[in-house]
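In order, the protein sequences belong to chains E and B.
Read in this note's numbering, the first sequence has 206 at position 206, and its numbers run on one by one without any break.
Each number in this note's numbering comes from the position in the second sequence (counting from 1) with 346 added on.
The beta-carbon is built from N, C-alpha and C at its ideal position, and this holds for glycine as well.
Working notes, structure below.
2 protein chains.
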Amino acid sequence: MAAKLTDRGQTILEAIIEEYIATAQPVGSKALTQNQGIKLSPASVRNVMAELEELGYLVSPHTSAGRIPTEKGYRFYVDTILRVSEMDRRQKDRIELQYRQQGLQMTDMLREASRTLSSISHYTGLVMVPRLKATIFRHIEFVKLSQRLILAVFVTQSGLVQNKLVEVDEDLSPRELEKITNYLNQTMNGLSIQDVRTRIITEMAQEKALYDQLMRRAFTLSSAALVDESNGDVIIEGTSRFLEQPEFSDLDCMKRIVQTFEQKSALVELLDRGLESKGVQVIIGSETEHTELSDCSLITAAYSGKRGTLGTLGVIGPNRMPYATIIPIVDYTASLISRLLDTDND
Amino acid sequence: MAAKLTDRGQTILEAIIEEYIATAQPVGSKALTQNQGIKLSPASVRNVMAELEELGYLVSPHTSAGRIPTEKGYRFYVDTILRVSEMDRRQKDRIELQYRQQGLQMTDMLREASRTLSSISHYTGLVMVPRLKATIFRHIEFVKLSQRLILAVFVTQSGLVQNKLVEVDEDLSPRELEKITNYLNQTMNGLSIQDVRTRIITEMAQEKALYDQLMRRAFTLSSAALVDESNGDVIIEGTSRFLEQPEFSDLDCMKRIVQTFEQKSALVELLDRGLESKGVQVIIGSETEHTELSDCSLITAAYSGKRGTLGTLGVIGPNRMPYATIIPIVDYTASLISRLLDTDND
DNA sequence: CTCTGGCACTCCTTCTCCTTGAGTGCCAAA
DNA sequence: TTTGGCACTCAAGGAGAAGGAGTGCCAGAG
Numbered sequence: 001m002a003a004k005l006t007d008r009g010q011t012i013l014e015a016i017i018e019e020y021i022a023t024a025q026p027v028g029s030k031a032l033t034q035n036q037g038i039k040l041s042p043a044s045v046r047n048v049m050a051e052l053e054e055l056g057y058l059v060s061p062h063t064s065a066g067r068i069p070t071e072k073g074y075r076f077y078v079d080t081i082l083r084v085s086e087m088d089r090r091q092k093d094r095i096e097l098q099y100r101q102q103g104l105q106m107t108d109m110l111r112e113a114s115r116t117l118s119s120i121s122h123y124t125g126l127v128m129v130p131r132l133k134a135t136i137f138r139h140i141e142f143v144k145l146s147q148r149l150i151l152a153v154f155v156t157q158s159g160l161v162q163n164k165l166v167e168v169d170e171d172l173s174p175r176e177l178e179k180i181t182n183y184l185n186q187t188m189n190g191l192s193i194q195d196v197r198t199r200i201i202t203e204m205a206q207e208k209a210l211y212d213q214l215m216r217r218a219f220t221l222s223s224a225a226l227v228d229e230s231n232g233d234v235i236i237e238g239t240s241r242f243l244e245q246p247e248f249s250d251l252d253c254m255k256r257i258v259q260t261f262e263q264k265s266a267l268v269e270l271l272d273r274g275l276e277s278k279g280v281q282v283i284i285g286s287e288t289e290h291t292e293l294s295d296c297s298l299i300t301a302a303y304s305g306k307r308g309t310l311g312t313l314g315v316i317g318p319n320r321m322p323y324a325t326i327i328p329i330v331d332y333t334a335s336l337i338s339r340l341l342d343t344d345n346d
Numbered sequence: 347m348a349a350k351l352t353d354r355g356q357t358i359l360e361a362i363i364e365e366y367i368a369t370a371q372p373v374g375s376k377a378l379t380q381n382q383g384i385k386l387s388p389a390s391v392r393n394v395m396a397e398l399e400e401l402g403y404l405v406s407p408h409t410s411a412g413r414i415p416t417e418k419g420y421r422f423y424v425d426t427i428l429r430v431s432e433m434d435r436r437q438k439d440r441i442e443l444q445y446r447q448q449g450l451q452m453t454d455m456l457r458e459a460s461r462t463l464s465s466i467s468h469y470t471g472l473v474m475v476p477r478l479k480a481t482i483f484r485h486i487e488f489v490k491l492s493q494r495l496i497l498a499v500f501v502t503q504s505g506l507v508q509n510k511l512v513e514v515d516e517d518l519s520p521r522e523l524e525k526i527t528n529y530l531n532q533t534m535n536g537l538s539i540q541d542v543r544t545r546i547i548t549e550m551a552q553e554k555a556l557y558d559q560l561m562r563r564a565f566t567l568s569s570a571a572l573v574d575e576s577n578g579d580v581i582i583e584g585t586s587r588f589l590e591q592p593e594f595s596d597l598d599c600m601k602r603i604v605q606t607f608e609q610k611s612a613l614v615e616l617l618d619r620g621l622e623s624k625g626v627q628v629i630i631g632s633e634t635e636h637t638e639l640s641d642c643s644l645i646t647a648a649y650s651g652k653r654g655t656l657g658t659l660g661v662i663g664p665n666r667m668p669y670a671t672i673i674p675i676v677d678y679t680a681s682l683i684s685r686l687l688d689t690d691n692d
């Protein structure tokens, strides 16, 4: 029990996991000795498999079936065994090609990223849209829709456009609005939205604002406009890929997963986890801490703009995912997006 | 064969369709005489059913099963038999409540509409976002992202915000940009995007533009910004509802439908059909002219803003849909959205 | 001590066969 | 015109048997 995994154990675990990933069928000892380059007899393999099962890396659905990896098995595989291969030039080019097409705006680019992730990985692509407060202020504009309704449109450095309806108490003249706009665009340029907000708060408290009515209005308006009430948005592409997976042939289970996707909140939470860490993250099965997603795994990576991390992107699929090929895809996509966001607009 | 449907035939067809809608099971003669208020013996009902089958309104999956409606049956039911009931106050209130919450921006409102349609109908909600050219110009703004990249942001009368990246050949100074912005906002206010475009084209051809460099730039820039390359966008909510329908328990068929949804183009085409006509439209099965959707029906209605139709919305589900309850829901939602778009911003 | 072939055992999967029952069509009588 | 009766059809579902993949264990070879 306390015995650690031998080299041979690892080799066989690897072979089993890879075979299972390829076939979605429980792997037997015989199949292993035939297909893979394993130089042992089925009987020896069986001994090792029994060990692996005792250690919790494998289970068998029933006595006369082969074995399938447990979550612990996948986890060990991902953490210890798996050596991520470099992507070949051709695949990189294929990904890059998708973004070449035209001057894509940020949102379109992120959507494209999600779609490309899905089509190249054959699983479902996820891209988290940058949180407002992490982005950098570039420009704000107020459009008066009616007496009391003002539409605030602001653009971030990376070209993300956000807009928000603001209801105001007092009627603002076009001139006043223009003044406010100019003031904000001059003072706030280059600050992160978070900084803008703190700055507004401090300036509002200062004496100057107390006496200058226009200032006061400017601050009220802009602080209302910059409230980030979004809980994050995720772009999901390729939900139908899930329907291809044999493990989700149960309609009821499938339905719960699709519902979870539609609500998005669970996915936001999972993608958020990758915000701080560098490199590719893998979340396997119950590590998601969502019962509906307990048979799903995510492979995520953060992407960043000029100043620090903006969001995360990745792929979600069944636990039985070809990690070896998808991890580099996610990794490369994240760095590509970061690069595009960095160089695009300066 | 040429015989027209008798009154009794209609009553029985109605009963069969409603029973089938409720149960998703082929309807037999016995079940009919028991459940519904039909005062005939099973044998008589059988005779009528045989007639209805000969006329093409019903089919039986096999000899010893009951009968299910054909598309022709549904069509006749929708066109002739069905009397759409008024919605009761309570349900109207329930719908209206969804939009009360806060100053929703147009896109959010449309998304909310799609969601509400789905949750109230228990099927999948669809809302087509207004085509650019149908909307009315309100305000345009150019934000320079880099030397050659300009982000054009414009707002329509109804508060829809559109933005587009424009690549320019010549460097434009902030002052020039401001002038262009002011000019456009003053001259184009209140025109439809389509009109704006034709106006730009005519003015570009005029002498004035030939000599005034700034003008020329203004026109080049704005015509590039206002190109409507979108093929229409559809907001789909409640795809998972499809997974609840017994008729789509076949995974392969389900997959094709979800894929069709993801591509959206078929849905755009179908929703477009309802743009011209007033009132609720029903598209049944193969009338969709998309093989993947040949078991789906749509119930759609157009919504409009201040000036004419903006887009359509509706519900998609299996042929076996409770038309009687969903038609009023779609109808009411369309008129509600129209009302909200009309009154919201003036 | 490790590996391997052999063997009995398990139990899922698949096939066939049969029964069951819902529903039909038709006919003769009310 | 309607109804009850009756023979017929055919999908669905269950029981039983055969097949087969895979296992665990043991004894013997290296």
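I think Tyr469 of chain B touches Gly374 of chain B, with their Cβ atoms under 8 Å apart; what is that distance to the nearest whole Å?
-> In this structure, Tyr469 of chain B and Gly374 of chain B do not form a Cβ contact; the two beta carbons are roughly 27 Å apart against a cut-off of 8 Å.
Residues of the segment 124-141 of chain E with Cβ closer than 9 Å to any Cβ of chain B, in chain order = Those would be Arg138, His139, Glu141, in chain order.
For Gly654 of chain B, collect the residues of the same chain with a Cβ closer than 8 Å to its Cβ; drop the 5 residues on either side in sequence, then sort them by chain order.
-> Taken in chain order, the residues that qualify are Ala480.
Inter-residue spacing [alpha-carbon to alpha-carbon] between Ser643 of chain B and Ser240 of chain E | Each residue's Cα considered, the two are about 20 Å apart.
Check Gly317 of chain E in the structure and name its three-state DSSP category.
-> When secondary structure is reduced to three states using DSSP, Gly317 of chain E falls in the strand class.
Which chain E residues are close to Glu590 of chain B, counting only those with a beta carbon under 9 Å from its beta carbon?
-> Residues of chain E passing the Cβ test: Leu251, Lys255.
In angstroms with no decimal places, state the Cα-to-Cα distance between Arg461 of chain B and Leu443 of chain B.
-> Arg461 of chain B and Leu443 of chain B: Cα-Cα distance of roughly 13 Å.
Whose C-alpha, out of B:Val473, B:Thr502, B:Val512, B:Arg484, is nearest the C-alpha of Ser492 of chain B?
-> Taking only the C-alpha atoms, the option nearest Ser492 of chain B is B:Val512.
Taking 8 Å as the CB-CB cut-off, is Thr585 of chain B touching chain E?
-> Contact with chain E is found for Thr585 of chain B, since one of that chain's Cβ atoms lies less than 8 Å from the residue's Cβ.
Closest Cβ-Cβ distance between Leu511 of chain B and chain E: below 8 Å?
-> By this cut-off, Leu511 of chain B is an interface position.
Is the distance from the Cβ of Leu271 of chain E to the Cβ of Thr300 of chain E below 8 Å?
-> Cβ distance < 8 Å, so Leu271 of chain E and Thr300 of chain E count as in contact.
Start-to-end residues for the alpha helix (DSSP H) that takes in Tyr649 of chain B | Segment 642-650 is the beta strand (DSSP E) holding Tyr649 of chain B; no alpha helix (DSSP H) there.
Of all the residues that make up the segment 168-191 of chain E, which are near chain B by a beta-carbon distance shorter than 7 Å?
-> Here the close residues number zero.
Counting contacts by CB-CB distance shorter than 8 Å, is Leu572 of chain B in contact with chain E?
-> No, its Cβ sits nowhere closer than 8 Å to a Cβ of chain E.
What first and last residue would you give for the alpha helix (DSSP H) that runs through Met600 of chain B?
-> Met600 of chain B -> alpha helix (DSSP H) spans 597-609.
Assuming Tyr57 of chain E contacts Asn319 of chain E under a Cβ cut-off of 8 Å, what Cβ separation, rounded to an integer in Å, is found between them?
-> Rounded, the Cβ-Cβ distance is 13 Å, inconsistent with contact.
So is Arg138 of chain E buried or exposed if we call it buried at 16+ other beta carbons inside 10 Å?
-> Taking a 10 Å sphere around the C-beta of Arg138 of chain E, we find 16 or more other C-beta atoms and assign the residue as buried.
Alpha-carbon spacing of Arg83 of chain E relative to Ala324 of chain E, whole angstroms = When rounded, the separation of the alpha-carbon atoms in Arg83 of chain E and Ala324 of chain E is 7 Å.
For Gln281 of chain E, which residues does DSSP report across the bridge?
-> Here Gln281 of chain E is bridged, per DSSP, to E:Thr300.
Over the uninterrupted alpha helix (DSSP H) stretch that includes Ile486 of chain B, give me the two end residues.
-> Counting along the chain, Ile486 of chain B falls outside any alpha helix (DSSP H), though it belongs to the beta strand (DSSP E) covering 483-490.
Note down, one range per segment and in chain order, each beta strand (DSSP E) of at least 3 residues found wholly within the segment 505-537 of chain B.
-> Complete beta strand (DSSP E) runs here, min 3: 507-513.
Own chain partners of Leu214 of chain E with C-beta closer than 8 Å, once the 5 adjacent residues on each side are dropped | The residues are Glu176, Lys179, Ile180.
Taking C-beta pairs closer than 9 Å, name the residues in chain E that Gly505 of chain B reaches, listed in chain order.
-> Near Gly505 of chain B (Cβ distances below 9 Å), the residues of chain E are Val143, Leu145, Leu149, Leu151, Asn163, Leu165.
Looking at the structure shown, is Val27 of chain E part of a helix, part of a strand, or coil, going by DSSP?
-> Note: Val27 of chain E maps to strand in three-state DSSP.
Classify Asn163 of chain E as buried or exposed, calling it buried when 16 or more other Cβ atoms lie within 10 Å of its own Cβ.
-> So Asn163 of chain E ends up on the buried side.
For Leu401 of chain B versus Ser249 of chain E, is the C-beta spacing smaller than 8 Å?
-> No, the pair does not count as a contact, with Cβ atoms beyond the cut-off.
Buried/exposed call for Pro476 of chain B, threshold 16 Cβ in 10 Å | Its Cβ being crowded by 16 or more others within 10 Å, Pro476 of chain B is buried.
How is Glu237 of chain E classed by DSSP in three states: helix, strand or coil?
-> Reduced to three states, the DSSP call for Glu237 of chain E is strand.
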